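Taking my numbering, the leading residue of the sequence shown gets 17, the next gets one more, and so forth. The structure appears right after this line, and notes come after that.
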Amino acid sequence: MEDKRFIEVAFPVKAVSEESAREKNIRHGHISTLHIWWARRPLASSRATNYAALIPAPKDEEELERKKRFIAKLSKWESSLDEEIIRRAREDIMEYFRGIRDDPNQERPRVLDPFAGGGSIPLEALRLGCETYAVDYNPVAVLILKAVLEYPQKYGKKKKGALDQWISGRDEEKDYDLVRDVKKWGEWVLQEAKKELERFYPKDEDGYIPVGYIWARTIKCQNPACGAEIPLMRQFWLAKKNNKKVALYPYVEGHEVKFKIVGDGYEPMPEDFDPSKGTVKGAKVTCPVCGMTHDANTTRKLFREGKAGQRMVAVVLYHPEKKGKVYRLPTEKDIKAYEEAKRYLEEKRAKLMEEWGIDPVPDEEILKKCHEVDRMPMYGMPKWGDIFNDRQKLALITFVEKVRQAYERMLEEGYGEEYAKAVVTYLAFAFDKFLARSTTLSRWHVTRETIEYPLGKNSLPMLWDYIELQAFSEASGGWNTGLEYIVNVIAHCSQSSEFPSKVLQDSATSLPFPDDYFDAVFTDPPYYDNVNYSVLSDFFYVWLKRTVGDLYPELFITPLTPKSKELVADPNRFGGKDGSKRYFEESMKQALREIHRVLKPNGILVLVYAHKTTEGWETLINSLLDSGLVPTTSWPIHTEMKNRLIAKESAALASSIYIIARKIEKQGVGWFDEVKRELRKTLEEKLDQLWKEGISGADFFISAIGSAIEVFGKYEKVLDYEGNEIRGDRLLQLVRDMVSDYAIRQVLREDISSELSPLAKFYVLWRWTYGEAKVAFDEARKLATSVGLDLEKEWNKGFIVKEKEFIRVLGPQDRKLKEIKGNDLIDVLHKALLLWQANRKREMVGLLAETGWGEKDVFYKVAQVISEVLPKDSKEKKLLDGFLAGREHIKRAIEKGDYSVFNGEEESGKQKRIEQFIKG
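Structure representation (C-alpha cells):
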C-alpha cells in the first residue's frame, strides 16, 4: 500500500477524546442545537479523523509528533472557525491529494457519507475543503443535512478572510442573508400567532406570566363504594433544589382530592408528607380517598376505553423583573381560557382541513409493537395527534399555518423560490423545537425548573402528569429561544465552506454513484438496534409534512417515514430477534459492498461504530469480512462525558471505535491456529497502547475488537483444521478471552490470577468492566465464558443474580450474612465485610482464619483492586476501604489467635486479647 495515511500509523487518541467529550457542553452555534437527531458524532473527532485520513503517513518520529499536536489543536471547538488553522489543514490535504489524484479535472478530494444523519462528519469534510456528498434514507435527516450542508453555504453571509479563498461562482449581487431573514420571518410567525392565540393564555394581574400549566391525567376509582377522581401523579414535587423545595400537597375533602402548595415561601410542608411518593408507580394506581389499588392492566384498559380524563393541578409563573419561578393553583380564569381554546380548535381545525386537504392535527397512526413508541397506543392514543391536549393542538396548527403563510409572503415580496424554501425550512425547525416541548409527554424538571424534551432517551415515555408550555413564554425555551439557537447554527455553518454539499435521499445499500468515484468514505452507520431512527423521527415527520411537505414533495410521499430499507435490527419489522439480526447483517454487508464499489482503488474508509453488545459487533464484523474491505487499523475515541458513565442501571460505553479500511487484495485462506498466534501478538501490542491511553472497562474490550478485525480481515476466510469457517462469534469470544486474561493480569498488577477461581476472576472482571451496572444476559454469559465460568450453573446461588433478561452482580451490601454459604474468595470477602460493618470483628477474624483467606496476600490484593475500580460513592467501595484500613491488625490477630472456640461460644483469654487488639 503505497499511500499509507497518517491515521493508519498514529492518532492523538487522548487529546481528541477530551475535546470530543467536552464538546457535549457546547451550545452556541453547535449543529446539535439545530434539531433533535440521535447519536450524532462529535465535530471534534469527525474533523480530526477526516484530516488524519487525508494526509500522508509521517516520514519520521519528529513529523509524527508535530502532526499529532496539530491534530489535537485542530480538534478543538475554537479551531473550527480559526481561519489560519483551517487554511493550513486544507493546504496539507490539497498538497497530498494533488500528488495522488487520478483525474486532473478533479480539484478537491471527493468524499461520501452514506449514513449522514445529523451531518457532523460531512460538515467537517466540507470544512476541510472536500467535495462532499451526504446521503441518508430518512427524510427528516435529509432536511437537517440541507440545513447544515447546503443552505448556509449557498445563502449565508461569509466573513471576508482566509476561508473566502474558495470561490464557488456564487452570484454575489443577490442579497442573501439567511440569519437576517430567518430572524425576520421567525419574528413575523411569532407575532402573527400571538395575535390569534394570546387571549387563551391570560397573564396574572400582578404582572406574573405563566410559564406553563401542570396537568395530571385522571381515572375514576373502581371501588364501587368510592368512585373518586384519582389524579395520576408519579410524585408531587414542583421545585426540588438545595435552596428551594416546593410541592403540591394532596388532601381529601369528602370524596374529592384537593391540593394546596407547600414548602419554601408557601404554607409549611407537613412533617409526615413525602412528595416523592405519588398516586401511580409504573401503571399501578392507588386511590388517595379509599386506598384501593388498581393494577396496570386495569389502568391501561380504562385509558383504551376512553375512561381517562385530565385535570389542571398547578400553574408555573415568572415575572419579567423578578428572579425565579413561582407556583399557584389553577383559577376559574385558567380553566375558562382552556375551554375557550378547545372550542376555537374545532372551528380552526375544520377551516384548515378544507384549505390544506389534510387534517392539520396529525391523524397518522403511531406504530404498535415498537417499544420506542408503543406506550401511546397501549394507553388509548393510537394517532400522532393524540399526544397533545386541545390547547396544544390549537397552538401547533396555528404556528404551522403561520409558517406556511410566511413562505407565501416571501414570494409576494420577491424572494426566489429556492431561497424562500431555505428560509422556511429553518422556520419549520423552529416549530419542531416548539413542538418537542408542547406535548402531553413533556415533563417539568423539578431540579432545574425547566421543561424537558420527551425524546431524550430514544423513546417516547408515557407521562401521567405533564406540563403544557404557555405558547409565548420565554422563561423555559419558547419560540425565540429556539430561533436564536437556529440562527447561531446558520452563522457557524455559513463559515464552513463556500461550496455546498450535495445532499441526497437514498439507501446506502444501492448508492447512485459510479464505480471508483470517491477518494474517501467517512461514515457512522446505524448501531444494530441502538436507535430506531425512523420510528422516533415520525414524531417530527408528520408535522414537517404539514409545515414544508408541499415544498419537498419527494421527501413526504409516504404517510410515515419510509422503513422498508432502513438499516436497523428491529425484531418487530424483520422477523423477530434472529430475523432482524440476519436482516441487519445482510443489509450492512450490502452497504459495505457498495462502499467498496464506489471507493477508488487507493480510497480509504473511516467507519465509526459504538455498539455496547457483542451481538451488534458480530453483525458488523461478519459484514465487514464479506465486503471485500480490509481493516488496516482502528482507534477508540471517547465521545461521552464522564459524568454520564457512572449510571448504575446500564453499562454505558464512553468510546466509539474508528475503523480504517481499504480496498486491498486479500491473502487467501488463513489457518485458525496461525491466525490466533498472530492475533495474540497484535492484541498484546494494541492492549498495551490502550492501557497507556487510559482506556478501561467495557471500552477496553470494544477497543480491542478493531485490532482483531485487522488480523482476520486481511484473509479471504479463516478456517480451522477441520475446514470450519471462523466467523464473528468465534472471533469475538477469542478476543474476549485474550482481553480478559490481559485485564486480569493488569488489574491485579502481577500474575496472581492462577490463585483465583473462575468465580473470583469473573467478579473482579465484572467490577472492572461494568462496575455495579446490570448487563444483558448474553453479554454476561460471554464474559463468564472468557474466565471459564458456566454462568447458568451459578446464577441465583450466590452473588450472580438473573433479573429477567439481565444479570446483576451483587455487592456485600445487597446480600444477607446468613445466606452466604460458599468459601470462595468473593463469598468470604463479602461475609467479612458484613461482619466488619456489624462490628462483629471477632467473628470476622475467625472466619478469615478458618477459611485460610486471611493469611493470603491475594485476598487483600483482590479487595484493593475491587475498591479501586468502583466509583467514589459506591457503598461496596466504602466497606472495602474501611476493611482494608485494618488489614495489618487482622493479619496479626490471625497469627496470634487460637480458633478452637469462637463465634458466640466462651472465648479464650487469647481471643479476648485479639478482640481488644483489633479494636485499637
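Positions of the beta carbon are idealized from the N, C-alpha and C atoms, including for glycine. From a predicted model like this one, the values you see are computed outputs, not experimental measurements.
Give the list of continuous beta strand (DSSP E) stretches no shorter than 3 residues that lie fully inside the region 609-642.
615-625
In three-state DSSP terms, what is Ile42?
coil
Can you tell which of Ala55, Arg57, Asp76 and Lys84 has its C-alpha closest to the C-alpha of Ala68?
Lys84
Same chain, Cβ closer than 6 Å to Trp495, neighbours up to 5 away in sequence not counted:
Leu206 and Phe450
Assuming Ile620 contacts Arg678 under a Cβ cut-off of 8 Å, what Cβ separation, rounded to an integer in Å, is found between them?
6 Å
Just curious, the alpha helix (DSSP H) that Lys809 is in, first and last residue?
Leu807 to Glu810
Lys798, enclosing alpha helix (DSSP H) - first and last residue
Phe793 to Ser802
Flag Val439 as yes if its beta-carbon sits less than 8 Å from any beta-carbon of chain D, otherwise no.
Structure shown: chain D not included; a single protein chain is present.
Whole-angstrom C-beta distance between Val127 and Ala536, which should lie under 8 Å:
5 Å
Can you list, in chain order, the stretches of the alpha helix (DSSP H) that have 4 or more residues and sit fully within the region 480-563?
495-510 and 549-563
Between Leu615, Glu819, His905 and Leu576, which has its C-alpha nearest Tyr153's C-alpha?
Leu576
Are there any heavy atoms of the ligand COA lying less than 7 Å away from the beta-carbon of Trp93, as far as the coordinates show?
Ligands are entirely absent from the displayed structure, and the ligand COA is therefore not among its contents.
Quick one: which unbroken alpha helix (DSSP H) runs of 4-plus residues sit fully inside the region 818-898? Chain order, please.
841-853, 857-867 and 873-885
Which residue from Glu631, Ser650, Leu499 and Gly595 puts its Cα closest to that of Val622?
Ser650
Same chain only: Cβ atoms within 7 Å of Leu457, ignoring 5 sequence neighbours per side:
Ile403, Pro470, Leu476, Pro477, Leu479 and Tyr482
Only counting the same chain, and skipping five residues up and downstream in sequence, which positions put a Cβ closer than 6 Å to that of Phe590?
Ser596 and Tyr599
For Ile662 and Asp889, I'd like the C-alpha separation in whole angstroms.
For Ile662, the predicted model reports a pLDDT of 36, less than 50, meaning its position is unreliable and no value from the coordinates is stated.
Just confirm the distance between the C-beta atoms of Leu485 and Ser454, as a whole number of angstroms; I'd bet it's less than 8 Å.
5 Å
DSSP three-state label for Glu147, please.
strand
What's the C-alpha gap between Asn405 and Val273?
22 Å
Short Cβ contact (8 Å threshold) for Val519 with Leu161:
yes
Taking the alpha helix (DSSP H) that Leu59 belongs to, which residues open and close that run?
Leu59 to Ala69
Mapping the DSSP letters down to three states, classify Ile725 as helix, strand or coil.
helix
On the DSSP bridge list, what partners appear for Tyr568?
Paired residue(s): none; Tyr568 is not in a bridge.
Can you tell me where the beta strand (DSSP E) holding Val25 begins and where it ends?
Segment: none, Val25 is in no beta strand (DSSP E) and carries neither H nor E.
Where are the beta strand (DSSP E) runs, 3 residues long or more, that stay fully inside the region 331-412, in chain order?
341-344
Candidates Lys730, Trp559 and Glu388: which alpha carbon is nearest Asn968's?
Nothing about residue 968 can be read from this structure; the chain reaches only from 17 to 936.
Relative to the C-alpha of Gly298, which candidate in Leu703, Arg391, Phe529 and Leu799 has its C-alpha closest?
Arg391
Leu254 - DSSP class collapsed to helix/strand/coil
strand
Own chain residues within Cβ distance below 8 Å of Glu821, not counting five before or after
Ala792 and Phe793
In the DSSP assignment, find the beta strand (DSSP E) that holds Phe275 and state where it starts and stops.
Glu272 to Gly279
With distance defined between alpha-carbon atoms, name the residue in Val878, Gln853 and Ala848 nearest to Leu864.
Ala848
Would you kindly report the start and end of the unbroken alpha helix (DSSP H) that includes Glu245?
Counting along the chain, Glu245 falls outside any alpha helix (DSSP H), though it belongs to the beta strand (DSSP E) covering Glu245 to Leu248.
Boundaries (first-last residue) of the beta strand (DSSP E) holding Tyr224:
Segment: none, Tyr224 is in no beta strand (DSSP E) and carries neither H nor E.
Provide the residue(s) that pair with Lys937 in DSSP beta bridges, ordered along the chain.
Limits of the chain in this structure are 17 at one end and 936 at the other, which puts residue 937 out of reach.
Thinking Lys30 and Glu709 are a contact (beta carbons under 8 Å), I'd like their distance in whole angstroms, please.
6 Å
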